[in-house]
Amino acid sequence: MRQIKLLLCILAVTGTVFTTACKKDGLTIRQSAVGLTLTPPAGLQNVRTSNVVLVFKESNSGVDSTFHMNGNTPPAITLPDGSYEVTLEGDVEYELDDVKYSRKIRGHKQGVAVSGGTVTLDIPLFLYDETAGLVFKEIFFTGTVTPEGKQYNGDKYFIIYNNSEDTLYADGLVIAEAAFLSTTKREYDPNVMPEAFTPGAMVMIPGKGTEHPIYPGKQIVVANNAINHKEYNPNSFDLRKSELELTLLGSINVDNPEVPDLVNMNGFMTMHNRGFKSYIVGRLPEGTTIDKYKEENKYTYSYIQTNGTPRYVDGYKFPNSWIIDAVNLSVPAVFEWILTAPELDMGWTYCGKVDSDDGRYGKSVRRAVLSTNPDGRVILKDTNNSTKDFEAEAKPSLMQ
Amino acid sequence: MFSNSKRHSIHLFFTLSLLFIAPAYTIAQQTRGVLSGRLWDKENGRGADSILVIAQKDSLQFRAYSANGGRFSFGPLPSGTYKVSIAGMLFKAPVKTVHLHKDQQVELTVEKALQTLQEVFITASEARGMTSTSVIDRRAMQHLQPSSFTDLLELLPGGRSKDPSLTSMNRIRLREAGAPETDYDISSLGTAFLVDGAPINTTANLQSSSVYIASDPNQYRNTTNRGVDMRTLSTDDIEKVEIVRGIPSVEYGDLTSGLIKIERKKGYTPFTARMKTDGFSKLFALGKGFNVPGQDMSVNVDLGFLDSKSKPTDNFTNYKRINSSIRAEKRWENSYRRLKWSGSFDYATTVDNQRTDPDNGYAPVDKFRSRFNRYVFNTSLKNEVTRLGALVKSWEVNTQVDYQRDRMDVTKWVQARSATILANALTEGEHDATFITPSYAAELLVDGRPLNAFLKAKMNLGFRTSAITHDVKLGLETNYSKNFGKGQIYDLTYPMNPTGSARPRAFDTIPGMLNQSFFAEDMMTFNVGRHKVATAAGLRGMSLLAMDRQYAIANKIYLDPRINTRWTLPGIRTGQHTLMVTLGAGFGLHTKMPTLDMLYPNPKYTDIVQLNFYHNNPDYRKANVATYVADGINYHLKPAVNRKLEFNGDFELNGNRLSLTYFHEKLTSGFRSASRYRVLDYKIYDNASVDAPNLTAPPATSDFDYRDARQFFSYSVTANGSALIKEGIEFQFVSRRLTGINTRFTVNGAWFKTNYVNSFPLYKGISSNVIIDGKQSQYIGVYDYQDGAYRGQLNTNLTVDSYLPVLGLTVSASLQNIWFRMEQYHYNNGTPVQYMGIDGILHPYTKESLEDPNLVWLKETTSGILFQKRLVPIDLQGNVKVTKEFKKKAAVSMFVNRLFTYTPDYVFNNTINRRSGFSSPYFGMELNLNF
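So the sequences go chain by chain: A and B. Using this note's numbering, read the first sequence as starting at 68 and increasing by one per residue. Using this note's numbering, read the second sequence as starting at 3 and increasing by one per residue.
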C-alpha cells in the first residue's frame, strides 16, 4: 500500500513539473502591430467611410478578431501572429461628377501573414450593390449515386433566379465555369483576376432578347440533360420540366426535343463534380457576338509547375464588369483560394468536406432566403459573399 | 581409326596404369574381381577424366587414372573390402566402400574442391568475348536475392537497385537514360531473350483491353508490342545469364537493342530449396538435378512460386507466378564425336488479379483477372566433331514450340452517366441506334492463344588459310507466330465502355507471321608477332515470307552486317606484374520486325451521333449514328533498324581489371503510334423539324430535316517515327580480392546520353475548345519541329564484398550513386508551318493566321525556360547484403536496400524541388537449403 502511495506521489510530482513546463511554453504568444491603409476605389472623390467593421480571421485557429472604425482613420490593431483572412464592410459616401452617393463598401484580402512585430497592410476597397437582378439560386454540381454506389452525372443543373422587382430576360446570358481550381493556388501570369474571370467551359442561353422571360421571384432551370433521370437512376429525379438544357459531347448529348438547348461557346459544361471550380453568370455587351468576344478576349497565361517548369495555357477573359453573379466553390479540407475578384464573391461554398467525399453526392449549394415580401415574392440573400449567402450541402430543390 | 594424338594418349594411359597396377598385381596373388567404374562431374554431369582414383585395402593401395568419359579400371584385384577415393587438389569425392568378390562397377561423383577465391564474383563480370557483355552467374544471383529477372539488371553498368514492381509489366531498357515513354517501346521490344538458345517470341501477343474499358486495369500490365515482361521470368533455374549490350553475333537476330542469353542449370545439383520474403512478395523455389546412373544423362527439375502484391498494405492487387521446368540432356561420346541431345518442357503461369477497392468501384461485381499459361517444348541436338583437322567442327539443330493460353476476364458494373446512345454497328454507314441499358454488369473476355514455332540449324566450320584460323558459322532460323485466340469477346449490347468506339476482333482471323533468316559469320584469328587479333564478320538476312504484297515489308530481305574485332597486345611489364591490354571495336546493323499487332492492327471505328431525339415518351425516341471504319494499317511500315558502333578497352594488371566501352547507337525507325487525320462527313438532324409535343407515332429518321457537316477525326497507326539515339560510356573496374580479408572492390557505372525524338512531322488537331459555327475540329496544324528530349545520367556503383569461406560468410555493401540526371527538351517555337481547313487543302501558316481568332489556337506558346537543361543533382543510396552459409547445407541471406540515401533538394527556375526524406528502405530475407 505504501508503495502505491509513493508511486502516486511520484506521478503527481512529475505531472506538476510537466504541466508547469507546458504553461511556460504557452505564455510566449507573439503579437504584431498591424499598420492599416485603406485604398478607396479609383475615380471617386471626397470619400468618407463610416460604420466600418473589420474582421481578422486567423486561418489556423478560426478565431475572429473584430475592429470598428468610424471616419477615415484606421484603428490601432495588434494581433497574435498568424495567417489571416481580412474582410471589411461599411458605409461610404463619395462624390462622382459633383453628385453625392451613399453606398456600401467592402474590402477583402486573404493569406495575410502577421508576424515579426510590425506589419503593414493595404486593403483596396470596392463598392457593391445589394440589389442585383439575376442570381444563381442553386447549383447542383455533384450528381447523384445509384443504389450500387456508382456516379450518375446527367442530372446536374443550375437554377437562375430573378431577385429583382422587374421582369428580366435570360436571352444571351452566359454561364461559365472557372478554368482554374480553387484547390490549387497558382501564381498565374498575367494575373487578370482583379479585372476579369478566366472561364473554361462557357455556354450561352439562346434567344433574341425576350424569348426567355424570368418574372420577379421566378426561376429557370438549366439542366444537364432535361430528361427523366429516374429511368437511369432510381435515386435521381425528373428534369423534363427544365426550361433549358446543356449541349454535351457526342453520345451523351441527349436532347429532349421539347426543351431548348444552350449554345456552347467554349468546351462542354460537364461541371466539376467535386466542386473545385467557380461559376459566373454574365452577359456579353450589346452587339458583341460570340466570335467577336473570343477574338478580343483570348489570352495566354502561364504558371510555374511544382517542378519549376512553366506551363502555358490558352484561355479567355470574361471582364468582371460583365458579370451579374458569381459563386465560388471549393472543399473545406483542400481550399486554397477563391477564383473571382472579391467584389464578385468574397466567400465560397461547398458540398463535401474533404476531397472526393462520398457524402457530397445528391447535395447542392442553395442561396439562403433574405426575406419574403408581402406579395409573396421571396428575396434571396445576395451580399456577394457565398460563405454567408449560400447553404452548403443542401438538399437539391428539384429532388423529390 | 585412332588419330595420332588419340593413340598417344591411350598409350600414355596404359603405360601409367601399368605403372601403378603392376606392383599391386604382383603382391595380390588370388585375383577374384575386376574393380572398375566411372567418375561423374557433379557440375556438368559429364565423365571426369584425368583424375587419380585410389582403392585402399588395409595397407594395400591401388591406383588408376580416369580416362575419357570418366572411366577407370583397376583391373583384377584380390577380393576384400576397398575404400575407393580420389586424390587431387581440384576435385573431391566422398569415399566409397566396396566389398569386392567378383567384377564390380563403382560410380563416384566428384565436385570441384574449391572455387578459387579470385573466381568468386557477386557482381556481374565483363565477359572476355567479342563484344560488351555482362555475365551474371549463380553465386551473384544468390547474393542478390532476386524476385524476378528484373532485379538482375541492377548489376549492369548504369543499373541501380529498384523495388520490385510485380503488379505491372517489367520492361528492359538497356543503355538508356530516362523514363520510358510509350512511343519508345522499341527499347524493350528490340531486346531478344533467349532461353537455352530459343527465343521468347512475343510477336503474336495481342492480349490487350486498352480501348475496351474506360479506365483500363490492364494499362500497366499490357505487354502487347512491348517485348518480354521480365517479371514472368524466375531466376531460380538459371545457371548463368549473358547480357550482350554491344553487337551480338549475326547468329542472333530480330533485335535492335540487345540480347539476353539465359542458360539454365544442367546436370547434377543437390536438392535446393529457396524461400524469400520481403514486403511485397513471398517466393518459394525447389530444384534438383539428377544423373541417370550408368547413362551419360542428366535430368533437372525446377519448381517456383511467387506471390506478390502491389503494396504491402494492398490486398486488392496481386500477382502470382508459377514456374515449372523439366530438362533432360543425354550425351553420346566416342573418339571422333560428341553428340548431345537436350529436351525440355516448361510450364509457367502468371495471374494478375485486381479486385476493386470498395472506395472506387462497385466491389461486389468489379473484378479483373489476367492469366497467362505458357507451355514450351524444346529439343536440340548438337554434334561436335572431335576429330582433329575436320572441316565441320559441329552442327546443331534446335527446335521449340511454345503455346500460350492467355485469358483476361474483366467484369465491371457499368452505369450510364446519363442517357447514352449505344453505337455498336459493325459495318460502315448510317445506322439507327438505341440507348444503353441504364446499368448492367458488363463482361469482357480477351482470349489469346499465341503459338510460336522456332527452328534453327547451325553449322560450325573450322579451317586455316595461311596464318589465319577461321571459325565459320552458317545457319538458318525460322520463326512462325500465330494467334489462335478468339480475341475480345463481349456482348455488343452490353459493352464495358459504352462511350468508346471499340469493336471485338477475333485474333485467329489475323494471318500468321513467318520470319525466315539466314546467317553466315567468319571469325578470323591470327597473330602478328606477339599481337593477337580476332575479327568476327558476319551477315544476317531476315525476311517476312508469305505476306500480302501490299505491305512494303513483304518478301524483302533485310540485311544486318556486323563486325567485331579484338586486338590483344603483348603483355607490358610494369614492375613485378604484366599489364594485359585488349582493344576492340565493333559495328553492326540490327533489325527488328514489327509485331502482328502492328501489321494487322485492330480496325478503327468512329461513331458520329447524327440524331439524338430523346422524347419524353420512350416509344418515340430515335437516335442515328454514322459509323466509319478505318483499317488502321500502315502498309509502309518497315522494320526498326539500329546501327551500333562501339569501342572497347580492357586492361588487366595483377588480377585487377578495368573494362571500358564507348558506344553510339542510332535507331531512327522505331515504332510509334502516329496520328492520322481524316475529314468525315455526317448529318446533323434537326430535332425541331418534328413536332415533338404532338407526335402520335414514332418518327422515322427520314422525317427529320438535316444539314450536312464535316469535321476532322483522328486515329492512330503504327509508323517508323521514333528515333532513339543512345550514346555513352560504360565502365567496370574489378579489383583482385585483397588477401587476408578476401575483399574485392567493384566500381561500375555508365554515362548515358539518350536522344528521344519523333522523326515525323506532327499533325495536331485544333483545341476542342474551339467551336466554329457549333462545330469542333475544323482545323489541323502541321508542325515540323522535333518533338523530343535529351536525357542523360552518370552513375557509379561501388560494391565492396568480402567472401570468407571459413565462416561461410559473404558480405557486401554497395554505394549506388547517380551523380546527375539531365533532361532537355528540343527547341520549338510552337508555330505550325501549315494548317489544313475542313476543305482538306494545306495552307501555309502565316502572320495573318496568327491574327485569325480560330487559327491562333494552333500556335502553342513556348518560352526559353521550357528548353533549358534541367540538372538533377546527386542521388545516392547505400545497400547492404549478407549471406551466411551453414556447412554448405543451408544459407541465410538478408538485404536492406536504401539503408541510407542522400538526395538533396535542388532549384530549377527559382523553384525548389524537394526530394529529401521521401524514401524508406526496402528489405527482405531468404533461406536456401541444399540436400
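We put the beta carbon where it would ideally sit given N, CA and C, even for glycine.
Residue range of the unbroken beta strand (DSSP E) whose run includes Tyr-829/B: From DSSP, Tyr-829/B is part of no beta strand (DSSP E); its letter is neither H nor E.
Residues near Asp-298/B in its chain [Cβ-Cβ closer than 6 Å; skip 5 each side]: Arg-333
Classification of Gln-147/B by the beta-carbon crowding that lies within 10 angstroms, buried from 16 upward: buried
Cutoff 7 Å; reference Pro-272/B; Cβ partners in own chain excluding five residues on either side: Asn-932 and Phe-933
DSSP state of Tyr-27/B mapped onto helix, strand, coil: Here Tyr-27/B scores only 42 on pLDDT, less than 50, and its place in the model is too uncertain to base an answer on.
Span of the alpha helix (DSSP H), counted from its first residue to its last, around Glu-29/A: No answer is possible for residue 29/A: the residues shown for chain A start at 68 and end at 467.
Beta-carbon neighbours of Lys-361/A, restricted to chain B and to distances below 7 Å: Pro-855
Length-filtered (3 minimum) beta strand (DSSP E) runs lying within the segment 229-315 of chain B: 240-246, 260-266, 271-280, 283-294 and 299-313
Length of the line joining the Cα atoms of Glu-654/B and Val-246/B: 21 Å
Length of the line joining the Cα atoms of Tyr-785/B and Asn-760/B: 12 Å
C-alpha gap between Gln-107/B and Ala-95/B, whole angstroms: 16 Å
Ile-774/B Cβ short of 7 Å to the ligand PLP heavy atom set: The ligand PLP is absent from the structure shown, which contains no ligands of any kind.
Residue-chain proximity (Ala-216/A, chain B), Cβ-Cβ < 8 Å: Here residue 216/A is Gly; the residue named in the question, Ala, does not match the sequence. Closer than 8 Å to some Cβ of chain B, the Cβ of Gly-216/A qualifies, so yes.
Simplified DSSP state of Ser-150/A, which is helix, strand or coil: strand
Glu-310/A: contacting residues in chain B (beta-carbon distance under 7 Å): Those do not exist, as Glu-310/A stays about 15 Å from chain B at its closest Cβ, beyond 7 Å.
Length of the line joining the Cα atoms of Ala-554/B and Ala-694/B: 55 Å
Closest by C-alpha distance to Gly-919/B, when choosing among Leu-901/B, Asn-325/B and Ala-455/B: Leu-901/B
Neighbour flag for Cys-76/A against chain B, beta carbons, 8 Å: Because Cys-76/A carries a pLDDT of 47, less than 50, the predicted location of this residue cannot be relied on, and the following value inherits that uncertainty. It does not; no Cβ of chain B falls within 8 Å.
Neighbour list for Asn-331/A in chain B, Cβ cutoff strictly below 8 Å: Ile-773 and Gly-776
Inter-residue spacing [alpha-carbon to alpha-carbon] between Leu-929/B and Ala-892/B: 7 Å
Short Cβ contact (8 Å threshold) for Tyr-383/A with Lys-359/A: no
Which of helix, strand or coil DSSP assigns to Pro-603/B: coil
Within chain A, the residues that Phe-273/B reaches when beta carbons sit closer than 8 Å: Here the premise fails: no neighbours, minimum Cβ distance about 52 Å.
CB contact check: Asn-321/A to chain B, cutoff 8 Å: With the sequence shown as reference, residue 321/A is identified as Val, and Asn is not the correct amino acid for it. Closer than 8 Å to some Cβ of chain B, the Cβ of Val-321/A qualifies, so yes.
CB of Gly-783/B within 8 Å of CB of Lys-766/B, strictly: yes
C-alpha distance - Leu-111/A paired with Leu-201/A, whole-angstrom precision: 27 Å
Host alpha helix (DSSP H) of Glu-398/B (start-end): No alpha helix (DSSP H) contains Glu-398/B, which is instead part of the beta strand (DSSP E) from 394-417.
Counterpart residues of Ala-721/B in DSSP-defined beta bridges: Arg-674/B
Status (buried if at least 16 other CB within 10 Å, exposed otherwise) for Val-436/A: exposed
Straight-line Cα distance separating Ala-444/B from Tyr-496/B: 6 Å
Given 8 Å, three or more beta-carbon pairs between the segment 689-707 of chain B and the segment 591-604 of chain B: no
Alpha helix (DSSP H) segments (min. 4 residues) lying fully within the segment 142-179 of chain B: none
Test item: CB-CB of Arg-645/B and Ile-249/B under 8 Å: no
Proximal chain A residues relative to Asn-911/B, where beta-carbon distance stays under 8 Å: Ile-371, Gly-375, Thr-376 and Pro-377
Which residues DSSP lists as bridging Ile-559/B, in chain order: Ser-545/B
Contacts that Thr-367/A makes with chain B (C-beta to C-beta distance below 8 Å): Thr-863
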